[in-house]
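**Student:** Offset between the sequence shown (1-based) and the working numbering: plus 1.
All C-beta atoms, glycine included, are put in the ideal place defined by N, C-alpha and C.
Right, I'll just put the structure down here and ask away after.
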Amino acid sequence: KTVSIPTMSEYVDDAHQQQVEQRLHEEAVAESLREQKERVGGRLLNKTRAYGKLILFGEHFVVYQVPALVGAVAAFTNCECEVTTVVGSSTANEVPGVTVVDNRPAVPQYKVKKQEEGDEAIALVLKHFGLDTTTKHNVKLTFGGDLTCVSGIGASAAQVVSLARALSNELPVQMTEDEINAAGYEGEKGYHGTPSGIDNTASTFGGLLRFQRTDGDPLFTKKKISTPIRIVYASTGITASTSTVVGDVRAKKEADPAWFDALLQKYLAIVTSAETAIDDGDMIALGGLLDQNHTLCQELTVSCQELDDLVLAARAAGAVGAKMSGTGRGGLMLALTPTAESQATVAAALGKLAPQVWTTTLA
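Structure, rendered in structure tokens:
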């Protein structure tokens, strides 16, 4: 009789294994980034920085040419770039093509799920710069930085904007910030099909922006902040497809225009009041408006149980307002905390529920 002997494992369970593997991945990425900085130089890499973002007000509504408010976070993506023109050599590093090393920190499965879209986004930026990786150019790219790739943080925009900055330095091509932004927008098409432009604009210019899409170039202005806006943001660990979720909202809008227009009118009142609250430095009022915007996202069906649970936990821990941020159906939520002490308390509370938690301050 054959007796089956259980295989011994160094892991307590699957969750423990995932935690260990994620920690080892982060350590390997940190070492690779250190080596990259030594090789390339911190000064050059700093020139390619592109920031993540958090949408405070307006996800999904912004697609339909109404104002949104978006804040750039301090975390960034950078890019090392080497372009070689093939001149008939058969050496490996001069064969036309693209080699990508992606050292960005990321939640589990993000890079796997976004691989095809990312390849298309990079190809669109290279095409925008006139590079032909089929017959003429060999391009080597290494992405790094401290922005964790997670749905809702604008990781795709940060990637393509940092690529545009790196290409501008490498070729070299003198480019204005508007031109960098335009190149980033082209790349965003690979991830989102028809992007709103809000993510790449925040990634390029930073700060707190009022953004509005138009039939032509988008309108955006930097908002002056009279009182620091302290935010805690947390990940559900779920990676969502922006193009799919945006498509679902569009389908619901087309099926019931009156329903969508009623929500849109509510949103316009919210975002108008939110601008006033920011101008006045009224964090309590701003928090209440964040709560109202989350309710609209629930009605749009772009929130989910995981997001709702984190929002409620943040409010219970002392946040004056909380909402999902970005694509939804996974990804991120954010909480407004008026003091450094409440920011730390809310971050600790969310840390018991969410796989990743971060803090940032818009000032």
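Residues bridged to G322 by DSSP?
**Tutor:** L337
**Student:** Measuring CA to CA, which of A159, L45, P97, D133 is closest to V74?
**Tutor:** A159
**Student:** How big is the Cα-Cα spacing for P7 and A184?
**Tutor:** Low local confidence applies: a pLDDT of 44 at P7 is under 50, so the model's placement there is unreliable, and no value is given.
**Student:** With DSSP run on the structure shown, which of helix, strand or coil describes H129?
**Tutor:** helix
**Student:** Could you have a look at I239 and say whether DSSP puts it in helix, strand or coil?
**Tutor:** The DSSP-derived three-state label of I239 is coil.
**Student:** Anyone know if the C-beta pair for L363 and G59 falls short of 8 angstroms?
**Tutor:** no
**Student:** Among the residues of its own chain, which have a CB less than 8 angstroms from the CB of E178, if the five just before and after it don't count?
**Tutor:** Within the same chain, E178 has close Cβ partners T205, F206.
**Student:** How many Å lie between G238 and K141 at the Cα?
**Tutor:** 30 angstroms
**Student:** Could you round the C-beta distance between A323 and D292 to whole angstroms and report it? I think they count as a contact, below 8 angstroms.
**Tutor:** 7 angstroms
**Student:** A51 lies in the beta strand (DSSP E); which residues open and close that run?
**Tutor:** Note, A51: beta strand (DSSP E), 51–58.
**Student:** Taking contact to mean at least 3 C-beta pairs separated by less than 8 angstroms, is the region 212–232 in contact with the region 242–257?
**Tutor:** no
**Student:** So D130 packs on L70, CB below 8 angstroms; how close in whole Å?
**Tutor:** Residue identity check: residue 130 is Phe in the sequence provided, not Asp. 31 angstroms between Cβ atoms; not a contact.
**Student:** Please classify K223 as buried or exposed, where buried requires at least 16 other C-beta atoms within 10 Å of its C-beta.
**Tutor:** Exposed, by the Cβ-count rule.
**Student:** Give every residue of the same chain whose Cβ lies closer than 6 angstroms to the Cβ of G53, excluding the five residues on either side of it in the sequence, and list them in chain order.
**Tutor:** V74, A76, L148, I154, G155, A159
**Student:** Terminal residues of the continuous beta strand (DSSP E) containing R166?
**Tutor:** Segment 156–171 is the alpha helix (DSSP H) holding R166; no beta strand (DSSP E) there.
**Student:** Give the secondary structure of I226 by DSSP, where H, G and I count as helix, E and B as strand, and everything else as coil.
**Tutor:** coil
**Student:** Would you check if the region 195–203 and the region 295–304 touch, i.e. whether three or more CB-CB distances between them fall below 8 angstroms?
**Tutor:** no
**Student:** Given that a residue counts as buried once 16 or more other Cβ atoms are within 10 Å of its Cβ, and exposed if not, what is E189?
**Tutor:** Classification for E189: buried.
**Student:** Is L70 helix, strand or coil when you go by DSSP?
**Tutor:** Three-state DSSP puts L70 in a strand.
**Student:** Using the Cβ count rule (16 or more neighbours within 10 Å means buried), how would you classify S5?
**Tutor:** Note that S5 scores a pLDDT of 44, beneath 50, so its modelled location is shaky; the value from the coordinates is reported in the next line. S5 comes out exposed.
**Student:** Can you have a look at S157 and say buried or exposed, based on whether 16 or more other CB atoms are within 10 angstroms of its CB?
**Tutor:** Per the 10 Å Cβ criterion, buried.
**Student:** First and last residue of the beta strand (DSSP E) that includes Q357?
**Tutor:** 357–363
**Student:** Going by DSSP, which residues form a beta bridge with E180?
**Tutor:** DSSP, once it has assigned bridges, lists no residue as partnering E180.
**Student:** What three-state label does DSSP hand V4 in the structure shown?
**Tutor:** Confidence at V4 is low in this model, with a pLDDT of 44, below 50, so its placement is unreliable and the value that follows should be read with caution. Looking at V4 - three-state DSSP - the assignment turns out to be coil, as it is neither helix nor strand.
**Student:** So T243 packs on Y192, CB below 8 angstroms; how close in whole Å?
**Tutor:** 7 angstroms
**Student:** V321: buried (16+ other C-beta within 10 angstroms of its C-beta) or exposed?
**Tutor:** Looking at its Cβ environment, which holds 16 or more other Cβ atoms inside 10 Å, V321 is buried.
**Student:** Less than 8 angstroms separating the beta-carbons of A278 and L269?
**Tutor:** no
**Student:** Distance check for I123 and A210, CA to CA, integer angstroms please.
**Tutor:** With the sequence shown as reference, residue 210 is identified as Leu, and Ala is not the correct amino acid for it. Roughly 26 angstroms between the two C-alpha positions.
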